[in-house]
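Sequence lines, in order, name chains A and B.
Every letter in the first sequence is one number past the one before it in my numbering, and letter 65, counting from 1, is 65.
Position in the second sequence counted from 1, then plus 1000, gives you my numbering.
Number of protein chains: 2
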Amino acid sequence: MDDLLERLAGGDRRALSRAITLIESTRADHRERAVSLLSNLPDRQALRIGLSGTPGVGKSTFIEAFGTMLTEAGLRVAVLAVDPSSTRSGGSILGDKTRMERLSRDPNAFIRPSPSSAELGGVARRTREAVRLCEAAGFDVVLIETVGVGQSETLVAEMCDLFVLLLAPAGGDELQGVKRGIMEMADLVLVNKADGDLLGPARRTVADYAGALRLLRKRPQDPDGFPKALPVSAVSGAGLADAWQQMQDLADWRRQQGHFDRTRAAQARHWFEAEVRAGLLAQLASGEARRRMDQLGEAVAEGRAAPGEAAAEMLAALRG
Amino acid sequence: MDDLLERLAGGDRRALSRAITLIESTRADHRERAVSLLSNLPDRQALRIGLSGTPGVGKSTFIEAFGTMLTEAGLRVAVLAVDPSSTRSGGSILGDKTRMERLSRDPNAFIRPSPSSAELGGVARRTREAVRLCEAAGFDVVLIETVGVGQSETLVAEMCDLFVLLLAPAGGDELQGVKRGIMEMADLVLVNKADGDLLGPARRTVADYAGALRLLRKRPQDPDGFPKALPVSAVSGAGLADAWQQMQDLADWRRQQGHFDRTRAAQARHWFEAEVRAGLLAQLASGEARRRMDQLGEAVAEGRAAPGEAAAEMLAALRG
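Put into structure tokens, the structure is as follows:
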């Protein structure tokens, strides 16, 4: 264990991989070791960037180009995924790595697909812990990517310093396709594919979103001009350097104003509370409690007990 | 208590009102009495109809006209509301009763607004129990209405035998405004305001939705031709009798096929499980546990403890 921690702290990517496998395990003894490992990590910080975008906006190509730009600038970049669909399909590991061929071979990059788990809460918890492991391993930037389907965005936003929404050029009437709740989480809206024939539409989409963002209520953690919409092209590389500069400026401002630390403190507290709730509910899933739940559930289904009565009986049994 | 139960079973609306107030109370002694009351109710069934529609579709006018039609046919009708917005505004009791003036004075009708509660789960639980009380009080039809905002529809659908979606006439391009998830819950789509100038648009909207419904996957609990779209006018009364006939036909078919009882059994079991979960989490909200949560939460926010470590400590404390 000390050995794993030491190699992890030394930046060893294999140790990082092994540590993430450990925290993803549901075995009780693994979990105990994971909690102990997480409590002893060196206190390093990466810039945590959440990235959301529906399939087809070119997210993998963007991460490949953006990540490579950062590693060429001497930064170490980790990419983690929160993919609710992978809970059924078993993940798209191979797909991701194939689409990010260059980055996946880069010694200063680390790519880890979404863990497969029965529920989004479990995926989120593992990912949050994996972010901490990446930070401990000395990564400078942790990109956490997710697909644009609502709940997973909220979970990712709750573990990030910045939230970036990646979009494709679109007609003005398609603006409504992005849910308001997701727009409200975005610090930066990047309109991809701003190249060739799509350059004009991309610029118009940027202007549309810039207008839409101005209509949102200003948040305390936003300096003037944020949230912001910008055009980028993952293929030509145009706009990527500017996007990175904007992210750094925003993070710097938030650090100076104290928002950065406040947000991290609130996020940590939120995760503590979420883990207590998950831990409490987990006791229903196995052993004698599970058997009793099934028994009482049958009685309720057959009309032999009222739901509230059976629930009171179950809760009394759990209290011992 | 025996007196309340007796008067309730006798169909006394005041007793019903008092019983609902009792189940809405969060006081521990009230809760105990409520659980006992709910476990001793006579085993009567009403047809539980969920009704969803966004503001502006004429929901109150529809309920007034539809409910009055049913009471005139000799049926006793209860109307309950699940209104997530009322958790903040304190409910729209007066508004509802004013808009349903005739029904609210009808001795065979009972109207109860949404309970105000901190969270939707609490509102849903109270409403589900209120449905049982209305059944015990001999009501034949229980209408559970909610606004079209997503989560509340799911909760209402989980306590109903039929789910009706009320819509206003619209251009074909507005079809997408109804979330797919809500469409998939509907057994009957009623397009209101099929009168005067809007008769044509209403008919076209019915055709549009009929087409959209045909594209959905057939569910085992649907006889041929269902889910179905129909035009109605709450103002002229046109189509209301047909809508009621369709609801009865559907309910009869489901009763014959066993879907009715199966659905109720599954719903009861679902509510039992939801109540156990809610009860488990409730222990975090008060007393020593609450104090300890706050203490550990502070420690995590200040970086003195890792979220997982603090959560493990909290869970150990709860286990005693």
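For each residue, glycine too, the CB sits at the ideal point set by N, CA and C.
- With a threshold of 8 Å between beta carbons, Phe1110 of chain B makes no contact with chain A.
- Under the three-state reduction of DSSP, Ser52 of chain A is assigned to strand.
- Listed along the chain, the chain A residues whose CB falls inside 7 Å of the CB of Ala1310 of chain B are Phe272.
- At least one CB atom of chain B sits nearer than 8 Å to the CB of Glu129 of chain A.
- For Pro307 of chain A, the enclosing alpha helix (DSSP H) has its first and last residue at 307-318.
- Judged by DSSP in its simplified three-state form, Lys1228 of chain B adopts strand.
- In the structure shown, Phe1066 of chain B falls within a helical segment according to DSSP collapsed to helix, strand and coil.
- When 9 Å is used as the limit between beta carbons, Ser25 of chain A is near no residue of chain B, the shortest such separation being about 14 Å.
- With fewer than three CB-CB distances shorter than 8 Å, the stretch 1267-1284 of chain B does not count as touching the stretch 240-254 of chain A.
- With a minimum length of 3 residues, the unbroken runs of beta strand (DSSP E) contained wholly in the stretch 1101-1154 of chain B fall at 1109-1112, 1141-1146.
- Judged by DSSP in its simplified three-state form, Val79 of chain A adopts strand.
- Closest option to Thr54 of chain A, judged by alpha-carbon separation, among A:Ala109, A:Arg102, A:Gly138, A:Thr146: A:Thr146.
- Collapsing the DSSP output to three states places Leu1165 of chain B in a strand.
- In this structure, Ala137 of chain A lies near Gly11 of chain A, with their beta-carbon atoms less than 8 Å apart.
- Contact of Arg269 of chain A with chain B is assigned, a C-beta pair being separated by under 8 Å.
- Rounded to whole angstroms, the separation of the alpha carbons of Leu1005 of chain B and Gly181 of chain A is 46 Å.
- When the beta-carbon positions are compared, Leu133 of chain A and Leu8 of chain A come within less than 8 Å of each other.
- Around the Cβ of Glu1024 of chain B, a 10 Å sphere holds 16 or more other Cβ atoms; the residue is buried.
- CA-CA distance, Val1156 of chain B to Trp1253 of chain B, rounds to 21 Å.
- Taking the CA atoms as reference points, Ala1311 of chain B sits about 6 Å from Phe272 of chain A.
- Looking at the backbone, the Cα of Arg1128 of chain B and that of Glu1153 of chain B are separated by about 13 Å.
- Around the Cβ of Ser1052 of chain B, a 10 Å sphere holds 16 or more other Cβ atoms; the residue is buried.
- Secondary structure at Leu188 of chain A: strand, using DSSP grouped into helix, strand and coil.
- In the structure shown, Leu1022 of chain B falls within a helical segment according to DSSP collapsed to helix, strand and coil.
- Interface with chain B (8 Å Cβ-Cβ cutoff): Ala301 of chain A is included.
- DSSP, read as helix, strand or coil, puts Leu41 of chain A in coil.
- The beta-carbon separation of Pro1115 of chain B and Arg1126 of chain B, rounded to 5 Å, stays under the 8 Å limit for a contact.
- The C-beta of Asp1208 of chain B has 16 or more other C-beta atoms within 10 Å across all chains shown, which makes the residue buried.
- The Cβ-Cβ distance between Pro1231 of chain B and Ala1194 of chain B falls below 8 Å.
- Less than 8 Å divides the Cβ of Ala268 of chain A from the Cβ of Pro1307 of chain B.
- With a threshold of 8 Å between beta carbons, Ala1266 of chain B makes contact with chain A.
- Counting the other CB atoms within 10 Å of its CB gives Gly1067 of chain B a total of 16 or more, which places it among the buried residues.
- Given a length threshold of 4 residues, each whole run of the alpha helix (DSSP H) inside the stretch 240-278 of chain A is given here in chain order: 240-257.
- For Leu47 of chain A, the three-state secondary structure derived from DSSP is strand.
- Rounded to the nearest whole angstrom, the CA to CA distance from Gly1303 of chain B to Arg262 of chain A is 11 Å.
- Taking Ala1078 of chain B as the centre and dropping the five residues before and after it, the same chain places the C-beta of Phe1110, Cys1134, Phe1139, Val1142 closer than 6 Å to its C-beta, in chain order.
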